Every structure is written in structure tokens, then in C-alpha cells.
Amino acid sequence: MTGLMSALKGCTSPNVYAEVPDGGWGWVVAVAFFFVEVFTYGIIKIFGIFLQDLMSCFGETNSRVSWVVSICVFVMAFTAPLSTVMSNRFGYRPVVMLGGFLISLGTITTALTQSITEMYITMGIVAGLGYCLTFLPTVTILSQYFSKRRSLVTSIASTGECFSLLALAPALNVLKEQIGWRYCLIVIGVLQTSIIVCGALLKPIVIKPIPSTTEGSTSPLKEPDSKYDQENEFTRTSFNSVDSGVQSISSSQTNLSEPQGSEMKALREKEEKETNEEELAALPETPLKQASGTKLLDFSVLRDPCFNCYALFGLFATLGFFAPQLYVIDLSVSRGVSRDSATYMLSSMAVAEILGRLSMGWVLNRRPIRKIYILLICTVLLCPVLVAFTFVAEFWGLMICSCLYGFLLGTVASSHIPMLAEDDVIGIERMPSAVGVYVCIQSFAGLAGPPLGGVLVDMTKNYGSAFYSCAAGMVLGALFLGLVRPAKTGLCPGKTRNNERQKTDRESTSQGCDDVPVDFVEVDVDIDSCPAKSKPWPV
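FYI, in the numbering used here the residues of the sequence shown are 138 to 676.
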């Protein structure tokens with residue numbers, strides 16, 4: 138029984154590391170994130186296979202049916218601050234497990250609905266909230282397990298949604314034709330219960346650096362290493378000797394056997410560190426236990442102009458994230474491609490997206506490189522590709538556009554949220570709070586994107602019109618992304634130079650003080666840490 142309890146405690150206790158492990162249990166978290174991607178964003182992206190069935194079953198227009206995806210994406214993104222607060226309060230594991238339950242419940246009940254309005258509630262609100270509670274905590278804790286390999290591992294793990302497009306879309310389309318769209322949704326809901334298992338694998342991580350040995354502190358068993366040390370040891374002995382005729386200035390008032398100077402300072406620092414560690418161990422088990430002063434939700438990031446520019450990039454770029462997958466099949470059919478062949482557009486898009494994500498992870502993992510500039514280049518290239526969808530009129534043209542779009546989308550989608558952890562944007566310390574605010578701002582574009590495309594399709598009777606709104610949003614997103622780096626470095630150049638000058642002065646001052654032989658000063662003269670502040674005592 139004792140062994141069982143200790144095993145359970147080991148499974149539920151956080152992983153404690155002296156530094157970011159760049160591996161370890163993080164590989165298990167990466168696998169969990171892969172399957173979370175399959176059954177969250179992956180299912181949203183392949184929801185277009187049900188579009189015609191829902192329109193014919195409920196007698197609704199294209200724009201009204203597309204609101205199902207829009208509400209789902211909006212709720213998933215708008216409730217991101219709630220996900221952040223719950224994760225910081227209760228930990229990532231229970232939040233993701235709750236989200237997995239809500240996703241499965243929402244998808245299964247969607248199969249039982251009798252109108253599009255009911256589907257807005259089940260798929261849009263219930264499942265959308267579950268998507269939020271699973272995706273954000275998983276990607277955040279994955280970023281905490283990796284540092285040097287963060288970009289590469291996140292890119293590889295995020296290919297889960299591409300796997301959904303590549304494998305699940307054709308399989309579920311065949312299954313839908315055999316058993317109907319309602320039973321197909323029930324099968325999807327049952328598969329989504331695996332997210333609960335993935336959430337159970339998200340062990341929180343605690344970083345406790347190993348305390349370094351205090352410089353200047355000496356051990357009584359330390360052997361003299363140089364001629365100077367030997368002479369200094371002899372001098373120290375002679376000063377304490379009665380035969381020498383010389384008495385240390387401080388020895389008449391203080392017993393030299395008591396800790397003094399830097400030794401007393403080292404003891405105080407050690408006691409304070411032990412006290413802080415005891416208080417930290419008494420805190421509730423949260424994923425950010427090492428940052429005990431962290432707020433549950435920090436809106437102070439909105440005062441950072443760099444973050445504001447990056448959030449506006451996410452807001453407008455999101456317009457081009459979901460509509461192409463939603464309308465590319467119907468666009469292909471309208472251009473004379475059979476519906477069975479049109480499903481290969483999603484598959485080719487998925488394969489290209491996998492290559493894009495892996496390529497982006499490999500590029501960003503190389504040093505030195507300014508990662509945000511690579512993201513900007515990929516965002517700019519997406520704009521002409523989205524426009525090209527409106528001109529092509531045959532199978533291979535659509536196939537080429539789908540591949541190019543999938544590759545570039547993979548580069549952007551796999552890096553825009555992990556990019557928050559980079560110092561060019563926010564940094565890893567503020568990422569847990571910033572990611573909730575960032576995704577919340579994105580939610581409004583997720584709400585407007587698919588319906589806007591649906592309205593354009595209903596007005597023009599041309600599915601290519603939906604891609605114009607995607608291209609316009611991507612252009613604005615690239616514009617604001619280009620302003621992130623100038624906002625980080627160019628708004629207060631004078632203040633930055635002053636801070637660097639003060640830092641250099643402090644380092645040079647401390648270096649000058651370290652050049653003094655510490656042992657001699659501590660015994661002979663009772664001064665501060667630097668000899669420039671006092672004169673040598675005459676002997």
C-alpha cells in the first residue's frame with residue numbers, strides 16, 4: 138500500500154529541475170500536445186466536410202452554417218483569459234482534463250441537434266470553451282519544458298492538426314457517406330475523450346536553480362594555492378600571535394573566530410534562500426510555483442507597444458487561418474473538380490503544412506537569427522497566394538495554391554504563439570499571462586472571418602470571393618508585424634543607451650573592487666568592499 142501511494146505521489150508531483158531541461162518529461166508533453174492538436178484545431182479545420190450536409194438538412198444558407206465554426210473559434214479565443222486564470226490557479230492538468238470532457242460533450246450533443254441555433258450552443262459554446270481549456274495550457278507548459286529546442290519541438294508537435302487534415306478528413310468523409318453526418322460526429326466525440334488522458338500527462342514543472350558557492354568564502358581546510366596565499370596565511374597567523382608584537386585593529390573588539398565580512402553576508406544569504414525555499418514548498422501545487430508572485434492574469438502587457446503591435450498582427454492574420462480550409466472544397470467543385478478529388482486539396486494542404494511547420498522549426502532553431510523577421514517574411518508571402526486562389530480555374534492550379542498556402546500557413550501557425558516567449562516580443566516570464574490576452578484579441582477575427590467569407594459568397598455566388606477577405610486581413614497583419622521590432626527598440630533609444638551606460642559603469646566598478654586581495658583587507662583594515670574608499674592603516 139505504501140508503494141502504491143508513493144507511486145501515485147510521484148505521478149502527481151511536479152517535476153523539479155535545476156534549469157530548463159530541454160527534454161525529459163517534456164517529450165511526453167510534446168506527444169500529448171500532438172494529440173491535443175489533432176482533436177482541437179484539426180477537427181475545426183475539417184468541419185468543412187459537413188458544410189453541404191448541414192445546409193441541406195436544415196435548409197440554411199452558407200453564411201448561417203459557417204457561424205457554427207465562427208462561434209466555436211470566437212469562444213475558444215475569447216475565453217483565453219479564463220483559461221490563463223484557471224491554469225495559474227489550479228494547474229494545467231485539471232484544466233485540460235475538464236476541457237477534454239467539454240469538447241467530447243459538445244461534439245456528441247451536436248449530433249443530436251435539430252436546428253442550426255442549437256448547434257451554435259453545443260458546437261459553438263460548449264465545445265469552443267473546451268477547445269480553449271485544452272489548447273492554450275498545453276502549448277504554454279510545453280514552452281516551459283524547452284528552451285533551446287523550443288521552436289523545433291513546438292513545430293513538430295503542432296503537426297497534429299495537419300495529421301487531422303491528411304488522414305482524418307478523407308477517412309471521416311468516407312465514414313460520413315456510410316453512416317451519416319450525425320453518427321460521424323458521435324464517433325469524433327468519442328475519439329476526443331483521449332484529450333482527458335493527454336491532460337493527465339501534463340506534469341507541472343518547477344525550476345529551482347542550484348545555489349552557487351559564494352565567492353570570497355574560504356574553508357578552514359582549503360590549501361593555499363599560490364605564493365601569495367601562503368604569504369597571506371603566514372601574515373594572518375603572525376597578526377594573531379602575541380610574539381609578533383602586532384595586533385590586528387579589529388581583533389581587540391571582535392573575535393576573529395566569529396564570521397565576519399563576506400562570510401557573514403554569505404551566511405545571511407544562505408539563510409534567506411533556505412527560508413524562501415521552505416515558503417515555496419508550502420505553496421499549492423501550481424505550474425508556476427517558482428514564480429510565486431505571478432498574477433493570475435496580467436493585463437499590464439497592454440501597456441507594451443510591442444505587444445500591442447503583435448496582438449494586432451494576430452487579430453488580422455487570423456482572418457486567413459480558417460476560411461480557406463472551410464471553402465476550398467466548394468471552391469474546387471465550383472471550378473469543375475469532382476467532390477471526391479476536391480478532398481485531396483485538404484490532404485495536399487495538410488502535407489505541405491507539415492513540411493512548413495518542420496521547416497520553420499528547423500530555421501528558428503538555428504543561431505544566431507532574428508526569429509520575428511522570418512515570421513514576417515512568411516506572412517508577406519501568404520498574401521499573394523491567397524489572391525491566387527481567386528484566379529485559378531483547374532485542378533492542378535488549385536493543387537499548387539493549396540500546397541503553397543499549406544506550407545506558408547504551417548510556418549506562421551506553428552510560430553506565432555510560441556513567438557511570445559521570445560525577448561523580441563514579451564519573453565518567457567510573461568508568456569503565461571500574455572498568451573491569454575493575445576488569443577482573446579484574436580477571437581474577434583475568428584468570429585468575423587468565416588461569416589464574412591460566407592456573406593461574400595452569398596452576394597457574389599463565387600467561392601473565390603471568400604479568399605479576398607483572407608488576403609486583406611493578412612496584408613494588415615504583415616503591416617503590424619513589421620512594426621513589432623521598431624516598437625521594441627526604437628521608441629526610447631535615449632533611455633536604452635542610458636541604461637546600458639549605467640550597467641557598464643556598475644560592472645566596471647565591481648570589477649575594480651574584486652581585484653583587491655580580500656583576506657588581507659578583512660584582517661588588517663575594517664573597511665567596505667572596495668579599498669578606494671579608505672586609506673591603508675599605518676603600521
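Just so it is clear, CB atoms sit at the ideal spot from N, CA and C, and this is done for glycine as well.
Just so we're clear, the structure is a prediction, and the values are computed from it rather than from any experiment.
message: Within 10 Å of its beta-carbon, does Lys598 have 16 or more other beta-carbons around it, so buried, or fewer, so exposed?
response: Taking the sequence shown and counting its residues from 1, the one referred to as residue 598 is at position 461. Label assigned to Lys598: exposed.
- request: Would you check if there are 3 or more beta carbon pairs closer than 8 Å linking the stretch 152–165 to the stretch 317–329?
  value: Cβ pair count under 8 Å is below three, so no.
message: Using the three-state DSSP reduction, which class does Val175 fall into: helix, strand or coil?
response: Taking the sequence shown and counting its residues from 1, the one referred to as residue 175 is at position 38. Val175 falls in the helix class under three-state DSSP.
message: With three or more beta-carbon pairs closer than 8 Å as the criterion, would you say the stretch 558–576 touches the stretch 212–229?
response: Per the Cβ contact rule, the stretch 558–576 is in contact with the stretch 212–229 (3 or more Cβ pairs under 8 Å).
Cβ-Cβ distance between Thr177 and Pro555 below 7 Å: Here residue 177 refers to the residue found at position 40 of the sequence shown. Here residue 555 refers to the residue found at position 418 of the sequence shown. Annotated as distal: Thr177 and Pro555, with beta-carbon spacing of 7 Å or more.
- request: Output the distance between the C-alpha atoms of Tyr481 and Phe300, rounded to the nearest integer angstrom.
  value: One-based indexing of the sequence shown puts residue 481 at position 344. One-based indexing of the sequence shown puts residue 300 at position 163. About 13 Å.
- prompt: Considering only residues of the same chain and omitting the five flanking positions on each side of Val205, which have a CB-CB separation below 8 Å?
  reply: Residue 205 sits at position 68 when you count from the first residue of the sequence shown. Taking C-beta separations shorter than 8 Å and ignoring five residues to either side along the sequence, the partners of Val205 in its chain run Phe184, Leu191, Ile253, Met256, Tyr257, Met260, Gly261, following chain order.
- request: Find the nearest neighbour of Cys194 within the set Trp318, Tyr447, Thr277, Thr330, judged by alpha-carbon distance.
  value: Position 57 of the sequence shown holds residue 194. Cα-wise, what sits closest to Cys194 is Trp318.
message: Using a 10 Å radius around the Cβ and a threshold of 16 neighbouring Cβ atoms, would you call Ala603 buried or exposed?
response: To locate residue 603, count along the sequence shown from 1; it is residue 466. Classification for Ala603: buried.
query: If you draw a straight line from the C-alpha of Val153 to the C-alpha of Ser284, how long is it?
result: Within the sequence shown, the letter at position 16 stands for residue 153. Within the sequence shown, the letter at position 147 stands for residue 284. Those two C-alpha atoms are separated by around 16 Å.
field: Pair within 7 Å by beta-carbon distance, Val173 and Ile332
entry: Here the question's residue 173 lines up with position 36 in the sequence shown. Here the question's residue 332 lines up with position 195 in the sequence shown. Cβ atoms of Val173 and Ile332: closer than 7 Å.
query: Going by Cα to Cα distance, which pick from Ser469, Gly265, Val157, Leu239 is closest to Gly583?
result: If you number the sequence shown from 1, residue 583 lands on position 446. Of the listed residues, the one whose Cα sits closest to Gly583 is Gly265.
query: For Ser602, which of helix, strand or coil comes out of DSSP?
result: Position 465 of the sequence shown, counted from the start, is the residue given in the question as residue 602. Three-state DSSP puts Ser602 in a helix.
- prompt: Three or more C-beta pairs closer than 8 Å, one from the stretch 511–525 and one from the stretch 584–598: is that the case here?
  reply: The stretch 511–525, when compared against the stretch 584–598, does not touch it at the 8 Å Cβ threshold.
- prompt: DSSP three-state call for Arg507: helix, strand or coil?
  reply: Your numbering for residue 507 matches position 370 in the sequence shown. Correct three-state label for Arg507: coil.
task: Thinking Gly297 and Gly267 are a contact (beta carbons under 8 Å), I'd like their distance in whole angstroms, please.
output: As a first step, residue 297 must be located in the sequence shown, where it is residue number 160. As a first step, residue 267 must be located in the sequence shown, where it is residue number 130. Between Gly267 and Gly297 the Cβ distance is about 16 Å, and since that is not below 8 Å, they are no contact.
- prompt: Taking all protein chains shown into account, do 16 or more other C-beta atoms lie within 10 angstroms of the C-beta of Ala615, making it buried, or fewer, making it exposed?
  reply: In the sequence shown, counting from the first residue as 1, residue 615 sits at position 478. Ala615 is buried by the Cβ-count criterion.
query: DSSP state of Leu620, grouped into three classes?
result: Counting from 1 along the sequence shown, the entry for residue 620 is found at position 483. In this structure, Leu620 counts as coil in the three-state DSSP scheme.
field: Top-ranked residue by Cα proximity to Ala609, from Pro623, Met568, Thr626, Thr516
entry: Translated into positions along the sequence shown, residue 609 becomes position 472. Per the Cα distances, Thr516.
Residue environment, Gln579, which counts as buried when at least 16 other CB atoms sit within 10 Å: In the sequence shown, the residue the question calls residue 579 occupies position 442. Buried is the label assigned to Gln579, since at least 16 other Cβ atoms lie within 10 Å of its Cβ.
Identity of the residue in Cys209, Gln251, Val276 nearest Val233 by Cα: Within the sequence shown, the letter at position 96 stands for residue 233. Out of Cys209, Gln251, Val276, Val276 has the C-alpha closest to the C-alpha of Val233.
task: For Val474, name the three-state secondary structure that DSSP assigns.
output: The sequence position of residue 474 within the sequence shown is 337, counting from 1. Here Val474 carries a coil assignment [DSSP, helix/strand/coil].
- prompt: If you drop the 5 nearest sequence neighbours on each side, which residues of the same chain put their C-beta closer than 7 Å to that of Thr250?
  reply: Here residue 250 corresponds to residue number 113 of the sequence shown, with the count starting at 1. Contacts found: Met256, Thr259.
Reference Gln337, options Leu513, Ile509, Ala214, Tyr229, closest by Cα: Stepping through the sequence shown from its first residue, residue 337 is reached at position 200. In the sequence under discussion, the amino acid at residue 337 is Ala, which differs from the Gln named in the question. Per the Cα distances, Tyr229.
- request: Return no unless some Cβ of chain D is closer than 7 Å to the Cβ of Leu439.
  value: Among the protein chains of the structure shown there is no chain D, as only one such chain exists.
query: Using a Cβ-Cβ cut-off of 7 Å (strictly less than) and excluding sequence neighbours within five positions of Tyr600, which residues of its own chain qualify?
result: Your numbering for residue 600 matches position 463 in the sequence shown. Excluding residues within five positions, the ones whose Cβ falls inside 7 Å are Tyr464, Asp467, Leu468, Ser471, Val594.
message: If distances are taken between C-alpha atoms only, which option among Lys182, Met611, Val157 comes closest to Ala487?
response: The residue you call residue 487 lines up with position 350 of the sequence shown. Among Lys182, Met611, Val157, the Cα nearest to that of Ala487 belongs to Lys182.
task: Identify which residue in Ala585, Gly534, Phe453, Asn225 has its Cα closest to the Cα of Val210.
output: Against the sequence shown, residue 210 aligns to sequence position 73. Taking Val210 as reference, the option from Ala585, Gly534, Phe453, Asn225 with the minimal CA-CA separation is Ala585.
query: Three-state secondary structure (DSSP) at Ile554?
result: On the sequence shown, residue 554 is found 417 positions in, with the first residue counted as 1. Look at Ile554 here: in three-state DSSP terms it is coil, with no helix or strand label.
task: Take Tyr120 as the anchor and find which of Ser484, Cys540, Val562 has the nearest alpha-carbon.
output: Here the chain has residues from 138 to 676 only, and residue 120 is not among them.
- request: List the whole-angstrom C-beta distance separating Cys443 from Val621, where the pair is believed to meet the contact cut-off of C-beta under 8 Å.
  value: The count along the sequence shown starts at 1 and reaches residue 443 at position 306. The count along the sequence shown starts at 1 and reaches residue 621 at position 484. The beta carbons of Cys443 and Val621 sit about 6 Å from each other, so the pair counts as a contact at 8 Å.
query: Closest by CA to Leu273, which one among Val343, Asn310, Gly547, Ala169?
result: The residue labelled residue 273 in the question sits at position 136 within the sequence shown. Answer by Cα proximity: Ala169.
field: Test item: CB-CB of Ser701 and Arg494 under 7 Å
entry: In the structure as shown, the chain begins at 138 and stops at 676. Residue 701 is therefore absent and cannot be evaluated.
field: Whole-number beta carbon distance between Leu512 and Ser545, since they are thought to touch under 8 Å
entry: Residue numbering aside, residue 545 sits at position 408 when the sequence shown is read from its first letter. Residue numbering aside, residue 512 sits at position 375 when the sequence shown is read from its first letter. Correcting the residue identity first, residue 545 is Leu in this sequence and not Ser. The C-beta separation of Leu545 from Leu512 comes to about 11 Å, leaving the pair out of contact by the 8 Å criterion.
- request: Please classify Glu531: does DSSP put it in a helix, a strand, or coil?
  value: Residue numbering aside, residue 531 sits at position 394 when the sequence shown is read from its first letter. Coil, per DSSP.
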